[in-house]
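If you're matching them up, the sequences are chains A and B in order.
Quick note: the first sequence uses the numbering used here, first residue 132, plus one each step.
Quick note: the second sequence uses the numbering used here, first residue 2, plus one each step.
Yeah, the Cβ is synthetic: ideal placement off N, Cα and C, and Gly gets one too.
Nothing here was measured: the structure is a model prediction, and the numbers come from that model.
Quick notes on the structure that follows.
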Amino acid sequence: MAQFLLMSKENYKKFQARPSCRTGNEGWDGFEREGHNMDFFKNIGVLITNEKYMGMLLEGLGKTLLISVFAAVLGLLLGTLVAMVGLSEGKFSKIPKAICKVYVTVIRGTPMALQLFIMAYAIFAIRGFPKEITAILAFGINSGAYVSESIRGGILSVDIGQTEAGRALGLGRGTTMRKIVIPQAIKNVIPAIGNELIALIKETSIVSMIGMYDLTQAAKVIGAGNNMASYIVPMSVAACFYLAIVYLLTFVIKKIETRLRASDKR
Amino acid sequence: MISANNIYKDFGKLHVLTGVSCEIRDGEKVAIIGPSGSGKSTFLRCLNLLEEPTSGEIWLGDKLITGVDAYLHPDIIRQSRTYAAMTENGVSDKEAVEKIISDRLLKKREGKNFKSSVKEFEKANRTDINLARREMGMVFQHFNLFNNMTVMQNLTLAPVQLGLKTKAEAEQAALALLRRIGLEDKANVYPATLSGGQKQRIAIVRSLAMNPKVMLFDEPTSALDPEMVGEVLDLIKELADDGMTMVIVTHEMGFAREVADRVIFMSDGVITEEGTPAELFDSPKNPRTQQFLKCVL
């Protein structure tokens, strides 16, 4: 065990001097508090087996996932819409195009936390308004701006010759987009969208700033003085949760990408 | 078949075409040659409106496929106050209309009065460019096969999507076309696995699958390795022998001479000289043509 590296000198002396691992210094929950005997891995075991703490973490995890999933869906829809408007041509698209441009500029140009505050304390500052919806809207709108740029880039990265060939055969603009350009653009867009979804999941941790109880906030509460009185253990467990979600998502994205790229090889 | 009247095309400040007029008759094979940057590809792309001409008209058969400028149309002009004033002063109908068209008086003086009738007029006179393009096959320098589809899907996409053939019919026709070029064994592969020559031959039969009346070739062999040029030119020659109307922008002078009924030499956005291959290649009259041919032959 290398936990003595994390200890102060005095603690280390105690650590060396003690007769056995058990010192009788555990608190009511079996958790060994700082200043006594710090056994990091053992304490993780204690946290995981403690029903109350685990319940708190899982509740937070649920909220994190709820916000992430709905915000991702909203972001993808909004992003696709904005990208389509941005790429459209014709005289009637001027005003919608300008609106989309302003949207992307403002959202990408201001901090996420600030956008969340504005949503929570200005736009939806209504007593009893569910904070989940506030958060989903804030993150979905934020995500949409980034997604729209990824999609736009993906569509523009498809050789213009592909469009020209489609149009030259007599296919309409929409059919050409649907059958030729978008299938090729998706392949180019998937990595960027994956990146955005990963960033989104992790970024939801700032909802604690408007008083929501997500995974990060749960870890913070568990670590506070009237519970474990140590942050490192709950924070580490929460980090593992985030890591697991992101790892799973990365795996799924890779799988999708490999399947879409099948036509490039053969 | 196709006629282009006074085509101008600007890209911003760059004037690429400055008044090109040309008529392509049924069954005729026209080769367009000229130095790079002379506007020959742009002109070809204007013919099926992949580039929209800044001004000028393109007729496909008896259909005007470039938009109609309503402000220059006699029916609209006759409703105008300018016209009324002119005829009252004793100017004849024909002269008044011509004067208004040539000086573009209507848009300048009374643009606002006619907005609604102009809109109506344009709506009634709009030709569906997608319909016109079905009759014009186009072959590109870089083949532009659809990378996300197999060869078979490349050939059947347009006929099936446009409702011209059922899937089974289209596949049968596609197989026949592939057999003709000896590539039926490639029906189910993706374009990424094909050689340049194979890609270009498939691109050609992809256009043929729409049964076009005219084929436009935009430097079909320029992106090919030298040993593959022959197979593509042979296929084009075969089409020519079958009587297909075609316009070919090319740098292959020998091929132009052999296949074309008429050769057009373009430079600096205009047609400098045109004539039969023998006239143009053996006794060019224009110094610009002479200079160009001296360099390439």
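Asked	Found
What residues from chain A crowd round Asn49/B, counting only those whose CB sits closer than 9 Å?	Arg298 and Ala299
Quick test of the definition: if touching needs 3 or more C-beta pairs under 8 Å, does the region 39 to 48 of chain B touch the region 101 to 108 of chain B?	no
Mapping the DSSP letters down to three states, classify Phe248/A as helix, strand or coil.	helix
Quick one: which chain B residues come within Cβ less than 7 Å of Thr306/A?	Gln162
Determine the direct distance from the alpha carbon of Ala175/B to that of Ile249/B, and round the result to whole angstroms.	24 Å
By Cβ distance below 6 Å, which residues in the same chain neighbour Gly206/A in space, the five residues on each side in sequence not counted?	Gly271, Ser274, Gly275 and Val278
Note down the Cα distance separating Gly285/A from Ile317/A, rounded to an integer number of angstroms.	7 Å
Going by the CB atoms, is the gap between Ala266/A and Val338/A shorter than 7 Å?	yes
Could you tell me if Val1/B is buried or exposed, where buried requires 16 or more neighbouring beta carbons within 10 angstroms of its beta carbon?	This structure does not reach residue 1/B, given that chain B is present from 2 up to 298, and the question cannot be answered.
Hey, Leu51/B and Glu295/A: beta-carbon distance below 7 Å or not?	yes
Within the continuous alpha helix (DSSP H) that includes Thr381/A, where are the two ends?	Ile363 to Leu391
Cβ of Asn149/B less than 7 Å from any chain A Cβ?	yes
So what does Ser268/B bridge to, in DSSP terms?	Val271/B
Helix, strand or coil for Ser1/B, going by three-state DSSP, please let me know.	What is shown of chain B runs 2 to 298, which leaves residue 1/B out entirely.
With the cut-off set at 7 Å, would you say Pro278/B and Val264/B are in Cβ contact?	yes
Counting Cβ pairs closer than 8 Å, one from the region 123 to 138 of chain B and one from the region 61 to 71 of chain B, do we hit at least three?	yes
What are the residues that DSSP puts in a beta bridge with Thr246/B?	Val215/B
Show which residues of chain A have a CB atom less than 9 Å away from the CB atom of Phe141/B.	Gly292, Glu295, Ala296 and Ala299
By DSSP, does Asp11/B sit in helix, in strand, or in coil?	strand
Which bits of chain B does Leu302/A rub up against, with CB to CB less than 9 Å?	Asn131, Arg134, Leu158, Ala159, Gln162 and Leu163
Residues of chain A with CB closer than 8 Å to the CB of Asn145/B, please, in chain order.	Asp290, Gly292, Gln293, Glu295 and Ala296
Helix, strand or coil, according to DSSP, for Leu61/B in the structure here?	strand
Just checking, does the region 171 to 183 of chain A make contact with the region 230 to 248 of chain A on the three C-beta pairs under 8 Å criterion?	no
Could you please tell me which residues of the region 314 to 329 of chain A, in chain order, have their CB closer than 7 Å to any CB of chain B?	Pro314 and Gln315
Closest to Lys333/A by C-alpha separation, out of Gln348/A, Pro322/A, Asn319/A and Val320/A, would be which residue?	Gln348/A
Please report the straight-line C-alpha distance between Gly166/A and Ser361/A, rounded to a whole angstrom.	Confidence is the limiting factor: at Gly166/A the pLDDT is only 48, short of 50, which leaves the residue's position unreliable and the question unanswerable from this model.
Closer than 6 Å by C-beta to Glu24/B: which residues in its own chain qualify, once you throw out the five before and the five after it? Chain order, please.	Ser4
Is the beta carbon of Lys30/B less than 7 Å from the beta carbon of Val260/B?	yes
Would Asn145/B and Gly191/A be called neighbours here (beta carbons separated by less than 7 Å)?	no
Could you tell me the alpha carbon to alpha carbon distance between Thr154/A and Ala269/A, rounded to whole angstroms?	Residue confidence is low: Thr154/A scores 46 on pLDDT, short of 50, so the model does not pin down where it sits. Its coordinate-derived value is still stated next. Distance between the alpha carbons of Thr154/A and Ala269/A: 49 Å.
Please name the residue, chosen from Asn326/A, Ala350/A and Ile376/A, that lies closest to Ser281/A on a Cα-to-Cα basis.	Asn326/A
Alpha carbons only, please: which of Pro213/B, Thr273/B, Phe282/B and Leu156/B is nearest the one belonging to Glu185/B?	Leu156/B
With 7 Å set as the bound, which would you pick, yes or no: does the beta-carbon of Ile387/A sit closer than that to a beta-carbon of chain B?	no
Which value, in whole angstroms, describes the spacing of the CA atoms of Ser336/A and Glu53/B?	52 Å
Would you kindly work out how many angstroms separate the C-alpha atoms of Ser56/B and Thr273/B, rounded to a whole number?	20 Å
So with Cβ pairs under 7 Å, would you call Ile286/A a contact of chain B?	no
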